[in-house]
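Let me begin by presenting the structure, written as C-alpha cells, before commenting on it.
Protein chains in written order, with this note's numbering: chain A, 1442 to 1735; chain B, 96 to 521.
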C-alpha cells in the first residue's frame, strides 16, 4: 500500500512540476537575454487565465481552440508588455533595477485591475471533459493532469527545437551570452528581444490557461508563478534545461514532503534547502555564473 | 478676520530699540512667538468656523452607520452581498420613518480582505465619520485585527467573524467551555466556529453514522483553523477517531499530496472547512484521485460552490445559517429579488440581519452614543433576524443555541436535508 501511495505521490509531483517547469522557462528566457527577473510574467498568466475563461464560456467551448487562442494572445501580450514598458527604458539605457521595478509594477497593475473589476465573482471554466481518472493498476491518473503534463512536455520540446535549429533560435542564444555583440554583427536585437518576449508570453499563456482550467480564476492567480520563479532560481537563472529539471524536482519534493511532514514544515524544508543549495552552488543546477543579476 | 490685527505685536520694534540689550537670538525667538500666536489665532478661527458648520450639518438629522466590507479581491462576493442586504434593510427602515425619527445613512468602505486595511477603515469610520456603530467584514482574520482596536476606540462592531478569539480574546482551543474575557465592543451574530463544527460533526456521527474522520484545512485562515480545531475537539469528546489531519498554506491550490494520503487512510468522512476556491479545488482533486469519502463542509460550501466545484461536490453535507426552502424566509427572498433581480445568497441575509441588529440597538438605547448602543447590544434577546431568533450571550457576545439547516449536494444541486439541526452534547 505504501509503495502505491509513493508512486501516486511521485506522479502527482511530476504533473505539478510540469507547470512549474513551464513557468520557470517562461521566466528564465527573459532573464537569459535581459538579465533581470521579469515579474510581469505573472500579469500575462493572469490575463490569459481570464481570457481563457471568457472565450470558453461565452465564445466557443473547446479545449484545443481555447488553448490555441490563449497561447497566441499570451505571446501578443508579452510583446506588448515589452514594447510598452521595457523598450522605452532599454533604449534610454536605464539600469537593470529599473527593469525589475517596471516588471513588478506591471504585475501589480494587472493584479489590482482584476481585483477591482472582476474581484467580486468566481470564474470556473466550463467542464471540457468529465473529470474522470484512469486507473492503471492501483495508480489513479487524472485526465486533466496528464494532459497538463503532455502539453508542458510538448511545448518545452518544441522550444528546444526552435532554440537549437532555427536562425532566430541561434540569435536568441547568442543574445543570451551578450546582447551587444550580435547587434554589431548585424542581428536585429530589438526583434530578437521581441521574439524572446513572444515565447515567454506563449508559455505564460499556456500556464495561465492550464492554471485557470485546473483551479479557478481569481485576481491573484498570477502569484502562482512564484513557484516557477523558485524553480528558475534553483535551475540556475537563465538555464532553461535547469529550470525544467528544477520545476519537476520541486513538484515531486513538495508532493512527497507535504504528505509526510505537513505543508508548513514542507515550506521550511524547501526554502532552507534552496538556501543551502545556493550557498554551495550559487549558479543553480544548470546555470552559468553571471556578473550582473537583478 | 479684522480681529487678527488686535493681536499683532506691532510694538515689538520699539522695544528692541528701547532696551537695546536683547540679543539676536532672543529677538528671533520673540518673533517666532509672534508667528506662533498668529497661527494660533488663525487656527482658532478656523476651528470655530468648522465647529459651526458641524453644528449646522447635525441639523440634517441622519444617523450614520459605518460598514467596512470586502468589496474587491478574495471574498468580495460575500462583502458585496452583505452590503446589498444592508442597503435593503436601511431602505425599508427609512421608508418607515428611520430610527429615532432620523434617517439612517450607511458609510461604506472597502477593506480588501486585508487586516491592516480593516483596522485603517474602522479607525476612519470612528475618527472621521464619527459613526456610533459599525458593521464589519465577515473575515475572521480581519476581525482579529480590528477587535483590539475596537476595544480602544470604544465603538461597537457587529460582524460575522466566527473565530472565537474575535469576541473572546483569551479563548483557548483546548478548553472551549471557558471562553474567558469578552471584548465589550465586538459582537458575532451567527454560531461561532466551534458551534458550527460541532453541528456538522454531530450530524455526521448521529445521522450519517460515521466513525472515522480526516480533515483538510489551512492555519493561514483563522476561520478555517478554528473550525478544524472545533471539529477535532467534538469528535474526540464523542469517542470517535480522527485518522488524519492535514493542512495547507495560504495560496496553495494543489492538495493532491494530502488527498492521496487521505485516500490511503480511507476515513468515513472528510471535513473540508475553507473558503470557496480551496473547497472547490479540494473536492475536484479528491474526485480526480478517485477518493470516495463523503465530504463534510462548512458554511462556505453554499453558492457559488455549486458553480465552482460543479458535480465534484456531489454527496457533501454542510451546515448553513439559512435555507431558502424555509417558508418563513420567503418574504425576504421576494423583497431581495425585486430589488436586485437575483436570489439572495448567505451573506445577503447576514447584511440584512446585522445592520437590522445595529438599528434595533440604536432604537432600544434611544441614543447615538456608542457606549449606550453597546450596552443595548450586549443585552439584546429575542432579536428576530432572518436567520432565526438571536439571543446574545453577554459573557461571549455570541448568540446562544442557534439551530442551523443541514444542506446536501446532489450532483451540482444543493438540497436541504434538515431545516433546523442542533447537535447532541458530548
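Ideal Cβ positions, reconstructed from N, Cα and C, are used throughout, including at glycine.
Since the structure is predicted, the reported quantities are computational estimates derived from the model, not experimental observations.
Give the DSSP bridge partners of residue i, in chain order.
{"i": "residue 494/B", "result": "487/B"}
{"i": "residue 229/B", "result": "161/B and 252/B"}
{"i": "residue 1576/A", "result": "1581/A"}
{"i": "residue 479/B", "result": "484/B"}
{"i": "residue 337/B", "result": "308/B"}
{"i": "residue 201/B", "result": "160/B"}
{"i": "residue 392/B", "result": "367/B"}
{"i": "residue 1564/A", "result": "1658/A"}
{"i": "residue 51/B", "result": "The requested residue 51/B is not part of the displayed model; chain B covers only 96 to 521."}
Hey, quick one: how far does the alpha helix (DSSP H) through residue i stretch, first residue to last?
{"i": "residue 54/B", "result": "Since the displayed chain B opens at 96 and closes at 521, residue 54/B lies outside it and no answer follows."}
{"i": "residue 402/B", "result": "400-404"}
{"i": "residue 281/B", "result": "Residue 281/B -> not in any alpha helix (DSSP H); beta strand (DSSP E) instead, spanning 281-283."}
{"i": "residue 1443/A", "result": "1443-1475"}
{"i": "residue 1559/A", "result": "1537-1559"}
{"i": "residue 309/B", "result": "Counting along the chain, residue 309/B falls outside any alpha helix (DSSP H), though it belongs to the beta strand (DSSP E) covering 307-312."}
{"i": "residue 1696/A", "result": "1681-1702"}
{"i": "residue 1644/A", "result": "1630-1655"}
{"i": "residue 1624/A", "result": "1621-1625"}
{"i": "residue 189/B", "result": "171-190"}
{"i": "residue 323/B", "result": "317-332"}
{"i": "residue 166/B", "result": "Segment: none, residue 166/B is in no alpha helix (DSSP H) and carries neither H nor E."}
{"i": "residue 1507/A", "result": "1504-1522"}
Report buried or exposed for residue i, applying the criterion of at least 16 other Cβ atoms within 10 angstroms of its Cβ.
{"i": "residue 108/B", "result": "Confidence is the limiting factor: at residue 108/B the pLDDT is only 46, short of 50, which leaves the residue's position unreliable, though a coordinate-based value still follows. Under this definition residue 108/B is an exposed residue."}
{"i": "residue 207/B", "result": "buried"}
{"i": "residue 345/B", "result": "exposed"}
{"i": "residue 113/B", "result": "Caution applies to residue 113/B, whose pLDDT of 46 falls short of 50 and renders its modelled position unreliable; the value that the coordinates give is listed next. When all chains shown are included, residue 113/B counts as exposed."}
{"i": "residue 1726/A", "result": "buried"}
{"i": "residue 504/B", "result": "buried"}
{"i": "residue 1492/A", "result": "buried"}
{"i": "residue 413/B", "result": "buried"}
{"i": "residue 440/B", "result": "buried"}
{"i": "residue 179/B", "result": "buried"}
{"i": "residue 119/B", "result": "The predicted model places residue 119/B with a pLDDT of 49, which falls under 50 and marks its position as unreliable; any figure quoted below should be read in that light. So residue 119/B ends up on the exposed side."}
{"i": "residue 1452/A", "result": "buried"}
{"i": "residue 423/B", "result": "exposed"}
{"i": "residue 1719/A", "result": "exposed"}
{"i": "residue 358/B", "result": "buried"}
{"i": "residue 1575/A", "result": "exposed"}
{"i": "residue 1659/A", "result": "buried"}
{"i": "residue 433/B", "result": "exposed"}
{"i": "residue 1506/A", "result": "exposed"}
{"i": "residue 156/B", "result": "exposed"}
{"i": "residue 263/B", "result": "buried"}
{"i": "residue 223/B", "result": "exposed"}
Measuring CB to CB, does residue i end up less than 7 Å from residue j?
{"i": "residue 310/B", "j": "residue 323/B", "result": "yes"}
{"i": "residue 214/B", "j": "residue 160/B", "result": "no"}
{"i": "residue 1526/A", "j": "residue 1557/A", "result": "no"}
{"i": "residue 293/B", "j": "residue 329/B", "result": "yes"}
{"i": "residue 1474/A", "j": "residue 1617/A", "result": "yes"}
{"i": "residue 1653/A", "j": "residue 1712/A", "result": "no"}
{"i": "residue 275/B", "j": "residue 254/B", "result": "no"}
{"i": "residue 1669/A", "j": "residue 1465/A", "result": "yes"}
{"i": "residue 271/B", "j": "residue 289/B", "result": "yes"}
{"i": "residue 417/B", "j": "residue 444/B", "result": "yes"}
{"i": "residue 1456/A", "j": "residue 1586/A", "result": "yes"}
{"i": "residue 220/B", "j": "residue 229/B", "result": "yes"}
{"i": "residue 411/B", "j": "residue 390/B", "result": "yes"}
{"i": "residue 471/B", "j": "residue 490/B", "result": "no"}
{"i": "residue 1672/A", "j": "residue 1687/A", "result": "yes"}
{"i": "residue 492/B", "j": "residue 177/B", "result": "no"}
{"i": "residue 334/B", "j": "residue 1581/A", "result": "no"}
So residue i is in the beta strand (DSSP E); what residue range does that whole segment cover?
{"i": "residue 260/B", "result": "Here residue 260/B belongs to no beta strand (DSSP E); instead the alpha helix (DSSP H) covers 259-262."}
{"i": "residue 414/B", "result": "412-414"}
{"i": "residue 508/B", "result": "508-516"}
{"i": "residue 499/B", "result": "499-505"}
By the criterion of Cβ-Cβ separation under 9 Å, what are the contact partners of residue i in chain D?
{"i": "residue 1631/A", "result": "Absence of chain D from the displayed structure is noted, the protein chains being A and B."}
(Q) Under 8 Å, with one C-beta from each stretch per pair, do the stretch 1447-1460 of chain A and the stretch 1629-1638 of chain A reach the 3-pair mark? (A) At 8 Å Cβ cutoff, the stretches do not touch.
> Is the stretch 1549-1556 of chain A touching the stretch 1660-1679 of chain A, taking contact as three or more C-beta pairs under 8 Å?
Replying inline: Between the stretch 1549-1556 of chain A and the stretch 1660-1679 of chain A there are three or more inter-stretch CB-CB distances shorter than 8 Å, so the stretches are counted as touching.
Indicate whether the contact test is met: 3 or more Cβ pairs, each with one atom in the stretch 164-172 of chain B and one in the stretch 185-205 of chain B, closer than 8 Å.
-> Contact holds between the stretch 164-172 of chain B and the stretch 185-205 of chain B, because three or more Cβ pairs, one in each stretch, are under 8 Å apart.
| said: Assess contact between the stretch 1675-1685 of chain A and the stretch 365-373 of chain B, defined as three or more Cβ pairs (one per stretch) separated by less than 8 Å. Is contact present? | reply: Counting C-beta pairs closer than 8 Å gives fewer than three between the stretch 1675-1685 of chain A and the stretch 365-373 of chain B, which falls short of the contact rule.
Between the stretch 1482-1502 of chain A and the stretch 1681-1700 of chain A, do at least 3 Cβ pairs fall closer than 8 Å? Here the stretch 1482-1502 of chain A makes no contact with the stretch 1681-1700 of chain A; the two share fewer than three CB pairs at distances below 8 Å.
- Query: How do the stretch 373-383 of chain B and the stretch 350-362 of chain B stand: do at least 3 beta-carbon pairs fall below 8 Å, yes or no?
  - Reply: Segments in contact, yes.
If you pair each beta-carbon of the stretch 442-457 of chain B with each one of the stretch 182-195 of chain B, do three or more pairs fall below 8 Å?
Yes: the two stretches touch, three or more of their Cβ pairs being nearer than 8 Å.
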